[in-house]
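Chains as they are written, first to last, in our numbering: chain L, 141 to 772; chain F, 141 to 772.
Note that the Cβ used here is the ideal one computed from N, Cα and C, for glycine as well.
Since the model is a prediction, treat every value here as computed from it, not as a measurement.
There are 2 protein chains.
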Amino acid sequence: MTINEVQPTALALDWHRRGGTPAVPSQGRLRPLGLREVTLRPGFWQRRQDVNRSASFAHIERWLERAGWLGNFSTEPEQRRGREFADSEIYKFLEAMAWANDPALEDRYRAIVRRVAAAQHPDGYLNTHFGRPGQRPRYSDLEWGHELYCFGHLIQAAVARARTFGHDELVDVAIRAADHVCDVFGPGGIESVCGHPEIEPALVELYRVTGNARYLSQAALFVERRGHQVLADIEFGRSYFQDDIPVREASVLRGHAVRATYLAAGAVDVAVETGDTGLLAAVTRQWKATVARRTYLTGGIGSRHQDEAFGDDFMLPPDRAYSETCAGVGSIMLAWRLLLAHGDPRYADLIERTLFNVIATSPSDDGTRFFYTNTLHQRVLGTSPPADTLVPRASSTLRAPWFEVSCCPTNLARTFASLAAYIATTDDDGLQLHQYTAATVDTTLPDGRRIGVEIDTDYPVSGRIAIRVTHSPGTPWTLSLRVPQWAAGATIDGLAAARGLIQLRRDFTPGETIVLDLPVRPRLTAADPRIDAVRGSAAVERGPVVYCLESVDLPPHISLDALRLDPSITPADRDGAVVAAARLTALPDEQWPYPALPDPDRTAESLPVTLRPYHDWASRGPSTMRVWLPTT
Amino acid sequence: MTINEVQPTALALDWHRRGGTPAVPSQGRLRPLGLREVTLRPGFWQRRQDVNRSASFAHIERWLERAGWLGNFSTEPEQRRGREFADSEIYKFLEAMAWANDPALEDRYRAIVRRVAAAQHPDGYLNTHFGRPGQRPRYSDLEWGHELYCFGHLIQAAVARARTFGHDELVDVAIRAADHVCDVFGPGGIESVCGHPEIEPALVELYRVTGNARYLSQAALFVERRGHQVLADIEFGRSYFQDDIPVREASVLRGHAVRATYLAAGAVDVAVETGDTGLLAAVTRQWKATVARRTYLTGGIGSRHQDEAFGDDFMLPPDRAYSETCAGVGSIMLAWRLLLAHGDPRYADLIERTLFNVIATSPSDDGTRFFYTNTLHQRVLGTSPPADTLVPRASSTLRAPWFEVSCCPTNLARTFASLAAYIATTDDDGLQLHQYTAATVDTTLPDGRRIGVEIDTDYPVSGRIAIRVTHSPGTPWTLSLRVPQWAAGATIDGLAAARGLIQLRRDFTPGETIVLDLPVRPRLTAADPRIDAVRGSAAVERGPVVYCLESVDLPPHISLDALRLDPSITPADRDGAVVAAARLTALPDEQWPYPALPDPDRTAESLPVTLRPYHDWASRGPSTMRVWLPTT
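Right, dumping it as structure tokens:
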């Protein structure tokens with residue numbers, strides 16, 4: 141099927157009645173639900189979504205003003221502040237506000253949109269860093285300029301607005317921008333791409349909203365161009381922006397982790413809309429290889445600080461793990477698209493892991509400080525950045541209020557605001573539950589049958605998930621439940637449930653309750669022997685949550701370095717934490733740290749140690765911390 | 141003692157009669173020898189010194205011309221090429237030529253000096269990157285501008301020339317430059333320092349050559365200023381250029397490894413010349429902590445790519461080990477100064493380790509390709525950069541001919557050219573041998589007694605070192621021999637010799653031979669348990685040489701990842717290599733690389749594996765490689 145033959149049937153859907161949703165493919169195994177069809181109820185994720193709306197939004201807007209990035213849209217070129225991509229933070233924030241879809245935000249939203257719109261050039265170009273007197277010319281630095289990246293986020297914000305509200309000024313701005321991009325980078329135009337992918341999924345989404353196939357063609361062109369060395373070589377190599385190998389030839393994600401996931405998400409979007417099964421298979425293969433060889437236990441990706449990039453296969457050091465928050469966002473964007481395309485619960489497994497251990501880890505409890513990177517091992521005590529300070533360094537040892545490169549607060553904001561979309565999907569025959577949290581689902585199948593369930597659970601505290609049917613059409617339909625790969629021993633209504641997808645097909649009765657029980661008891665986890673950096677170590681997990689040991693939970697005289705986990709004793713729940721058995725070992729005090737083998741066994745005294753969820757780490761002040769504990 | 145009271149007695153020495161030497165402290169436990177007093181004879185190091193002189197020099201000069209860095213001294217500002225510090229490569233090369241002190245080089249040397257001298261401003265300022273029309277003003281970017289760094293290398297080159305030859309045009313240029321630096325940065329001038337230390341040791345050395353205490357005072361001022369946040373904060377933090385903590389308060393080397401060692405070397409120089417025992421003790425303490433906690437098995441330092449910097453204590457991942465060649469040079473500069481000050485053989489131990497495993501590793505056999513970084517674990521096959529290509533990336537997986545930042549070829553050149561200086565020293569009572577290689581030593585003690593020895597050895601192939609006395613004054617004197625810390629079981633003339641310093645005091649007879657036997661048989665080495673990245677692994681060493689396993693030495697179907705070293709079997713010499721026992725293990729093929737504990741034992745088939753010296757790695761084409769091998 142060529143692009144022009146595509147019949148974008150999904151476009152006909154009245155998405156703003158359903159509350160909108162990110163990523164609306166016109167074909168694929170599963171269909172997303174709208175944000176009005178899934179309502180979070182009190183629990184792990186609703187609490188975070190509330191903090192996002194009630195605290196992070198205001199925090200972000202204050203900092204966007206304070207750092208001058210919002211002001212850039214109305215100041216003179218020489219007053220322009222922030223990095224090349226600062227405009228995009230405003231767009232991500234607008235996207236977050238659009239998903240939140242809260243009348244109380246409407247005035248603020250419109251005020252920002254007015255400022256943005258005023259800066260658009262008559263031909264649709266819009267970027268505060270290029271093209272004005274005293275600035276570099278438009279598109280003079282595609283490697284680092286981020287112009288198309290900024291357009292991508294502008295378009296994503298407008299897509300969110302169109303789906304949640306309808307046509308407005310921002311949608312017009314985005315359409316003018318997209319037309320400009322197609323004019324300049326279309327056939328006969330500049331034959332190149334942006335150093336940072338993002339325009340690709342954005343243009344496909346705008347195509348889905350508008351039905352204008354020109355945007356899909358342009359996205360496909362960008363996906364195809366990349367990998368043919370259309371960008372200049374840079375210190376980090378062209379793999380940094382995935383310009384080393386064409387998307388359909390690559391075997392694994394590589395280079396800058398955020399760039400890699402955004403590009404892959406866009407490639408899935410193009411593949412799905414154009415029926416390009418070869419391209420979809422290529423990205424699917426890359427995702428599998430990346431999960432198997434380049435992903436941290438937390439779901440985090442990117443192990444290198446220098447270029448915020450993937451390392452080689454199995455190069456996953458826990459200390460100085462980069463695991464950028466935004467790469468977690470990108471990983472969820474990608475896995476979600478693959479889940480919709482294929483229906484395989486493995487994608488939802490990774491989303492769950494990434495949500496609980498990357499997305500939930502970055503923000504502070506009050507939603508006003510953030511980890512940019514999410515290390516799995518902190519060797520030295522950090523110092524807390526002052527609340528009013530813009531932090532120049534990504535690798536802050538404690539959560540910081542704002543960064544010179546401050547993509548994570550706004551990226552989290554749009555993710556939390558649209559979180560309900562990732563809970564469930566439908567297909568022709570019923571409802572699939574992918575993530576477990578207290579929520580209400582009320583939707584209608586394409587054939588008009590209304591289905592509703594209420595999910596009652598305190599997951600991940602306990603593994604008991606009660607699904608009460610609230611609406612059932614009186615005909616048989618299928619309720620699909622994901623049993624995570626970690627959940628050996630799960631039961632449904634008391635009967636053993638194998639890991640993977642459990643499908644219950646029957647004529648459900650409103651009021652009946654299905655109980656899924658996931659064994660969230662603490663467990664010990666090992667690592668592939670090729671992950672050299674954690675050889676001889678184990679981690680503690682409990683359900684989908686990775687645990688860690690922090691120095692604040694140790695007696696003051698005991699060093700984290702001196703502990704050896706005893707893997708013969710299974711860790712146990714105690715008072716909301718997990719207690720494991722450890723032994724103290726004497727640490728050598730040598731002038732030269734490489735003694736002859738055999739090395740003496742120094743293990744001595746045993747003691748219980750308390751581990752807590754990794755996503756809460758560093759919330760009680762500076763601490764050293766380990767996810768992977770050396771074993772006895 | 142204040143600076144003005146210093147009596148620089150060493151200045152009276154006629155160094156160019158003795159062939160010159162780097163670092164001539166006026167006080168300390170040991171005194172350096174001149175390059176005419178120690179002559180390398182055929183062996184491991186003479187071969188490398190010959191290649192340096194016969195091949196690397198021409199290679200370097202060709203690239204300095206080709207990259208335009210030499211031309212910078214005579215071109216217009218807008219034609220100026222290369223990075224901010226490109227001038228310094230010319231100076232390091234001039235220093236190398238000066239130490240080589242070869243009449244055949246004299247015309248080329250003078251031609252380069254003429255080009256350099258012509259670019260000096262009337263007030264002594266000299267930098268091709270700043271201060272001319274169209275360029276940024278002088279000293280407008282102390283953080284990154286490298287102006288004082290370049291002056292430092294200019295002065296070091298002139299010091300080498302003064303000591304090996306005498307007063308010449310370059311010495312005049314350097315004195316004018318040093319006077320300019322003192323004028324601008326002295327009391328009442330700019331109260332700051334250079335982002336890259338180097339001016340500090342250079343000014344002390346120029347003081348030693350000229351007797352002008354102003355240079356010593358200025359060096360002391362630079363050392364004292366640093367650490368008080370006189371430079372701006374940068375993305376990497378002020379520790380990057382050691383401006384976080386004053387030198388005399390720091391507990392360990394940190395930040396950029398080359399910067400850290402150059403600064404520490406300069407601080408030792410200042411401390412020794414001014415009798416500042418507190419400052420000397422501070423650097424000594426930092427050195428000890430750095431060796432114990434921040435040094436690779438190879439002696440290499442710096443584990444982080446992002447900022448070419450030290451990591452936290454024990455953060456020493458073998459893969460992506462940075463271990464910059466120039467940091468090896470800086471480490472030797474520092475250890476040598478501490479050795480002269482204290483006489484402790486531990487400093488010579490580290491010099492030996494660094495020479496054999498960093499300095500010898502970087503250049504190719506033919507002296508025309510170089511490793512910029514020296515990783516201890518290569519996971520993927522590299523590709524060879526073309527011989528005529530300037531490589532933008534430091535972390536080339538194979539040796540490259542030249543880099544955008546090409547400090548290592550010239551830094552190696554000056555090190556190899558002055559290598560004989562590190563072999564031996566004298567004190568009032570005799571001769572100390574620190575490094576073992578075939579060589580002749582012929583020197584005179586301060587009291588006029590002539591002492592000579594001829595060292596006959598093929599070390600490190602064998603551990604037999606025969607020291608034949610060639611000149612002895614007929615009165616008792618002390619011959620000190622270093623027995624390396626690794627050399628348990630060493631003997632001298634058949635008698636057990638403890639590790640450390642062995643002192644033989646007697647009236648040696650010309651013609652008599654002392655035989656030191658160091659047990660260079662292969663051995664297995666472990667690591668401090670806090671070096672998480674090599675837990676459960678062992679390395680093979682043989683004498684001072686670290687060995688490694690390369691994929692080119694494995695059958696094609698066997699992956700380096702699948703090998704487990706059997707530590708119960710001692711490795712053995714075979715045909716110039718070392719053979720160890722390994723077992724093959726089945727590698728898992730999972731979608732998710734974090735299985736539940738307990739993990740099954742997959743070890744199977746056993747086989748012998750051949751290890752070769754790490755310094756030779758990647759000399760037979762692309763290879764994967766490990767220094768640290770997981771054990772069974």
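Next item on the list: To the nearest angstrom, report how far apart L/A198 and L/W239 are at their CA atoms.
Entry: 15 Å
Next item on the list: Spatial neighbours of L/P277 within its chain, please: CB distance less than 8 Å, with the 5 preceding and 5 following residues excluded, ordered by chain position.
Entry: F270, G271
Checklist line | Cα-Cα separation between F/A150 and F/A298, rounded to whole angstroms | finding: Unreliable placement is indicated for F/A150, whose pLDDT of 41 sits below 50; the coordinate value is still reported in the next sentence. Rounded to the nearest angstrom, the two C-alpha atoms are 18 Å apart.
Next item on the list: Kindly indicate if chain L contains any beta-carbon less than 8 Å away from that of F/Y754.
Entry: no
Notebook entry, point to check: So with Cβ pairs under 8 Å, would you call L/P669 a contact of chain F?
Noted result: yes
Item checked: Meets three-Cβ-pair contact criterion under 8 Å: the stretch 567-587 of chain L and the stretch 733-747 of chain L -> no
Next item on the list: Buried or exposed for L/P541, please, with buried defined as at least 16 other CB atoms from any protein chain shown within 10 angstroms of its CB.
Entry: buried
Notebook entry, point to check: Of the residues that make up the stretch 432-451 of chain L, which ones have a beta carbon closer than 8 Å to any beta carbon in chain F?
Noted result: A432, R433, T435, L437, R444, H445, Q446, G451
Notebook entry, point to check: Name the residues in the stretch 666-696 of chain L whose C-beta lies less than 9 Å from a C-beta of chain F; which are they?
Noted result: A666, A667, D668, P669, R670, I671, D672, A673, V674, R675, G676, S677, A678, A679, E681
Next item on the list: Only counting runs of 3 or more residues, tell me where the beta strand (DSSP E) segments fall wholly within the stretch 514-575 of chain F, in order along the chain.
Entry: 564-567, 570-573
Check: Would F/A736 count as contacting chain L if we go by Cβ distances under 8 Å?
Finding: yes
Next item on the list: Just grab the DSSP bridge partners of L/L621 for me.
Entry: L/L573, L/I642
Margin query: Looking at the strands, I want to know which residues DSSP matches up with F/E690.
Written below: F/M765
Check: So who's on the other strand from L/F510, going by DSSP bridges?
Finding: L/P503, L/A540
Notebook entry, point to check: What is the DSSP secondary structure of L/A773, counted as helix, strand or coil?
Noted result: Since the displayed chain L opens at 141 and closes at 772, residue 773 of chain L lies outside it and no answer follows.
Next item on the list: On the DSSP bridge assignment, give the partners of L/S746 in chain order.
Entry: L/R723
Item checked: Coil, strand or helix - F/D459 by DSSP -> strand
Note to self: DSSP three-state label for L/R248, please.
What the structure shows: helix
Next item on the list: Please report how far the alpha carbon of L/P113 lies from the alpha carbon of L/D506, in whole angstroms.
Entry: With chain L covering 141 to 772 only, the question about residue 113 of chain L has no answer from this structure.
Next item on the list: Check whether the Cβ atoms of L/V767 and L/A679 lie closer than 8 Å to each other.
Entry: yes
Check: How long is the line joining the alpha carbons of L/F362 and F/G274, rounded to whole angstroms?
Finding: 39 Å
Next item on the list: Decide if the stretch 412-423 of chain F is in contact with the stretch 380-393 of chain F; the criterion is three or more beta carbon pairs, one per stretch, under 8 Å apart.
Entry: yes
Check: Would DSSP call F/T401 helix, strand or coil?
Finding: helix
Next item on the list: Would you kindly work out how many angstroms separate the C-alpha atoms of L/L689 and L/L751, rounded to a whole number?
Entry: 5 Å
Check: Within the chosen definition, does the stretch 298-318 of chain F reach the stretch 372-379 of chain F through at least 3 CB pairs nearer than 8 Å?
Finding: no
Note to self: Below 8 Å, how does it come out for the stretch 561-578 of chain L and the stretch 515-524 of chain L: are there three or more Cβ pairs, yes or no?
What the structure shows: no
Item checked: Helix, strand or coil at F/G211 according to DSSP, with G and I counted as helix -> helix
Margin query: Suppose you measure from the CA of F/T513 to the CA of F/G614; what does that come to, to the nearest Å?
Written below: 50 Å
Check: Going by other Cβ atoms of all chains shown within 10 Å of its Cβ, with 16 needed for buried, is L/S194 buried or exposed?
Finding: exposed
Check: Is the Cβ of L/T523 closer than 8 Å to any Cβ of chain F?
Finding: no
Next item on the list: Quick one: using the 10 Å Cβ neighbour count with 16 as the cut-off for buried, is L/G468 buried or exposed?
Entry: buried
Check: Considering only C-alpha positions, which residue in the set L/V178, L/R486, L/L538, L/N267 is nearest to L/T215?
Finding: L/N267
Checklist line | Contact set between F/G367 and chain L, taken where Cβ atoms lie within less than 9 Å | finding: Correct list: empty, because the minimum Cβ distance to chain L is about 17 Å.
Item checked: When F/D596, F/V164, F/D384 are compared against F/E652, the one with the closest alpha-carbon -> F/D596
Notebook entry, point to check: Quick one: Cα of F/G306 to Cα of F/H156, how far?
Noted result: 7 Å
Margin query: Against chain L, with Cβ distances strictly below 8 Å, would F/E145 count as a contact?
Written below: Its pLDDT being 38, under 50, F/E145 is placed unreliably in this model, and the coordinates cannot settle the point.
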